[in-house]
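When you line the sequence shown up against the working numbering, it's residues 18 to 528, in that order.
Beta carbons are placed, not taken as given, at the ideal position from N, Cα and C, and that holds for glycine.
This structure is a prediction, so every number in the text was calculated from the model and none was measured.
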Amino acid sequence: MAKKTLKILGFIVGSIITVSIALAIINPDFVHLSAQTNTKIGADAPPVQIPDMVKQYNQAVIDASNAIVPTVVAITVESETTVENPFGDFFRDFHPFFDFGDEGQGPGNEKRKAQGFGSGVIISSDGYIVTNNHVVENAVEDGIKVTLNDKTEHNAKLIGTDPTTDLAVIKIDAKGLTPAYLGNIDNVKIGDFVIAVGNPLGLTSTVTSGIISAIGRGPLGIKNNQYSIENYIQTDAAINPGNSGGGLFDLSGSLVGINTAIATQTGGFMGYGFAIPIDIVKRVAQDLIDNGKINRPWLGVQISNVDEITAKSVKLPKVYGAMIQDVIKDSPAEKAGLQPGDVIINIEGHDINSTNELQTIIIKYRIGDKVKVKIWRDSKEMTKELTLAPREESGEIAETKSSKESDLGNNDMKPVKLDKIGIEVSPLTNSLKDKFDVKNGVLVSNVDVNSSTAKRGLTPNSIILSADQQEITSTSELKKIIDSKKPGDAVLLKVKSQNATRLVAIEIPKL
């Protein structure tokens with residue numbers, strides 16, 4: 018009986034398995050359905066209800082992004098670099114027996130082609146595009162290609178470059194393009210939301226966002242040019258290699274800057290991006306389109322920023338302006354009577370807070386324009402009118418008129434300690450006068466390395482020419498001026514080294 022029961026159970030089990038296999042064959046979903054449970058994944062609703070104001074803001078970002086992306090292009094540049102042949106010296110002796118073909122492929126240096134990537138912004142419907150000079154400056158002939166947002170490719174012609182501002186204009190043969198709307202720098206504020214568009218690392222039409230972190234940032238030493246104009250918009254919108262020449266836009270879709278650089282220790286973005294302000298972009302681009310070159314005026318001065326000690330040394334009521342270090346010979350500044358030690362505090366109603374701000378204001382004018390410059394001299398304001406002229410490349414420093422000659426025989430040749438500022442000075446010998454090409458002054462023979470003077474950059478073997486605008490002809494004259502200062506006062510020294518002449522403000526340490 019037990020065996021019979023087992024046979025029946027085995028038959029039943031076998032029948033069930035057989036039917037299950039048959040159902041699986043006939044309807045594969047049967048296996049899936051049989052495995053289903055009542056488990057529900059995901060919540061029924063988002064955890065946060067987005068306020069209408071946030072939805073509107075988000076939509077504004079979307080609308081702006083969709084509007085501006087078509088105005089930004091990808092730029093590919095083919096360049097040629099020269100690479101030194103490591104076997105050049107070895108083969109040079111055997112050169113007559115070998116045919117090395119084209120110049121540059123011989124036993125010495127070798128020319129190799131390279132490809133670079135950047136971005137640009139369309140600024141006219143007929144194909145003018147603004148980008149960075151460093152994106153296109155090394156391009157070979159016919160080596161600039163532009164890819165529009167619709168993926169169409171065009172050869173580009175280089176119209177002009179301006180290394181001073183790191184801007185360039187190129188042109189493609191196209192019609193009916195959508196140009197960017199060029200904004201107004203006066204409407205740009207710290208904290209404004211901005212959108213950066215470009216082609217970082219070859220990723221076309223990439224949109225990132227952030228805020229404007231600072232305005233008027235610079236100089237940063239990005240460009241290796243003594244006349245470089247560095248007055249940047251700083252942003253935390255992500256900018257990476259390949260973004261150069263791309264656009265920085267506000268929420269209205271207005272172009273407010275051209276992305277040009279990042280501050281990084283890794284080669285990638287670290288939260289600090291810099292863009293050339295739109296007012297500079299507009300002026301440079303228009304000049305390059307109209308003339309193929311820049312018609313930039315200059316004042317003809319070498320300037321430095323004013324800090325608290327410098328302001329104190331000339332009794333300036335607040336810390337602002339740009340101090341004139343030197344005046345260039347035959348420049349507009351010299352002709353108008355500007356002098357080293359003057360502080361430029363205002364130009365045509367615009368207060369000057371830094372050297373880069375002064376440079377930015379001047380480039381808005383044209384050669385031949387007359388501008389009123391307000392300066393601080395002898396503890397009072399005065400106004401000079403200058404006629405702006407083109408920059409002279411020679412740029413010789415104008416000679417300062419000497420009020421009196423020194424008589425070396427009347428100088429005590431012993432070094433004199435000026436303990437208040439931590440230096441020791443000595444009379445000039447005739448050989449030093451010849452070496453530094455000066456008539457008067459005193460030699461800085463020693464500087465206390467722990468003094469505030471050392472921290473301000475004064476070094477031994479410099480020549481002090483004047484103090485508080487008074488020409489120095491002896492150590493006793495300088496000592497008299499320094500001894501008259503109280504703790505917390507400052508003195509402005511004109512100092513000459515073998516490399517340059519500059520003004521250095523020194524504060525008398527407080528007790």
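Query                                                                                                        : Result
8 Å Cβ cutoff met for A197 and G227                                                                          : no
Span separating the alpha-carbon of L403 from that of K335                                                   : 25 Å
Rounded C-alpha distance that separates I58 from S230                                                        : 43 Å
Cβ pair V442, L495 closer than 8 Å                                                                           : yes
Environment of G366 [buried if 16+ CB atoms lie within 10 Å]                                                 : exposed
Within-8 Å CB hit, T195 to chain B                                                                           : In the structure shown, chain B does not exist; there is a single protein chain.
Rounded C-alpha distance that separates S514 from S479                                                       : 5 Å
C-alpha gap between G144 and I246, whole angstroms                                                           : 27 Å
Start-end ranges of the alpha helix (DSSP H) lying completely within the segment 474-502, minimum 4 residues : 492-500
Between the CA atoms of D347 and I498 - distance to the nearest angstrom                                     : 32 Å
Inter-residue spacing [alpha-carbon to alpha-carbon] between S136 and K437                                   : 55 Å
Proximity test, R473 beta-carbon vs the ligand ADP heavy atom, cut-off 7 Å                                   : This structure simply doesn't include the ligand ADP, nor any ligand for that matter.
Candidates S501, G338, I379, I378: closest to N370 by CA position                                            : G338
For S321: DSSP bridge partner residues                                                                       : M340
Beta-bridge partners of M399, as assigned by DSSP                                                            : I392
Sequence-distant residues of the same chain with beta carbon closer than 6 Å to D386, five excluded per side : L405
Whether K391 touches N363 by CB criterion (8 Å)                                                              : yes
Buried/exposed call for Q132, threshold 16 Cβ in 10 Å                                                        : exposed
P294 - containing beta strand (DSSP E), residue span                                                         : 290-294
Alpha helix (DSSP H) runs wholly inside the segment 135-180, at least 4 long, in chain order                 : 150-153
Anticipated Cβ contact below 8 Å, G263 with V138, distance rounded                                           : 7 Å
Neighbourhood of N216 by C-beta, 6 Å cutoff - its chain only, sequence neighbours within 5 removed           : A91, S136, G259
DSSP state of R300 mapped onto helix, strand, coil                                                           : helix
Cβ pair R315, R408 closer than 8 Å                                                                           : Note that residue 315 is Trp in the sequence shown, not Arg. For W315 and R408, yes; Cβs fall inside 8 Å.
P87 (DSSP reduced to helix, strand or coil)                                                                  : helix
Nearest candidate by alpha-carbon position, reference V89, set S142, S493, T327                              : S142
6 Å CB neighbourhood of V273 in its chain, flanking five on each side removed                                : G200, V205, L265, D267, I295
CB-CB length for S96 against N172, believed under 8 Å                                                        : S96 to N172, Cβ: 16 Å. No contact.
C-alpha gap between T518 and I361, whole angstroms                                                           : 18 Å
Alpha-carbon to alpha-carbon, Q376 and G309                                                                  : 21 Å
Own chain residues within Cβ distance below 7 Å of T195, not counting five before or after                   : P87, T88, I139
As assigned by DSSP and simplified to three states, the class of K72                                         : helix
Status (buried if at least 16 other CB within 10 Å, exposed otherwise) for D359                              : buried
Boundaries of the alpha helix (DSSP H) in which E374 is found, first to last residue                         : 372-379
Endpoints, alpha helix (DSSP H) assigned at E351                                                             : 349-353
S501 versus E325 - alpha carbon distance                                                                     : 20 Å
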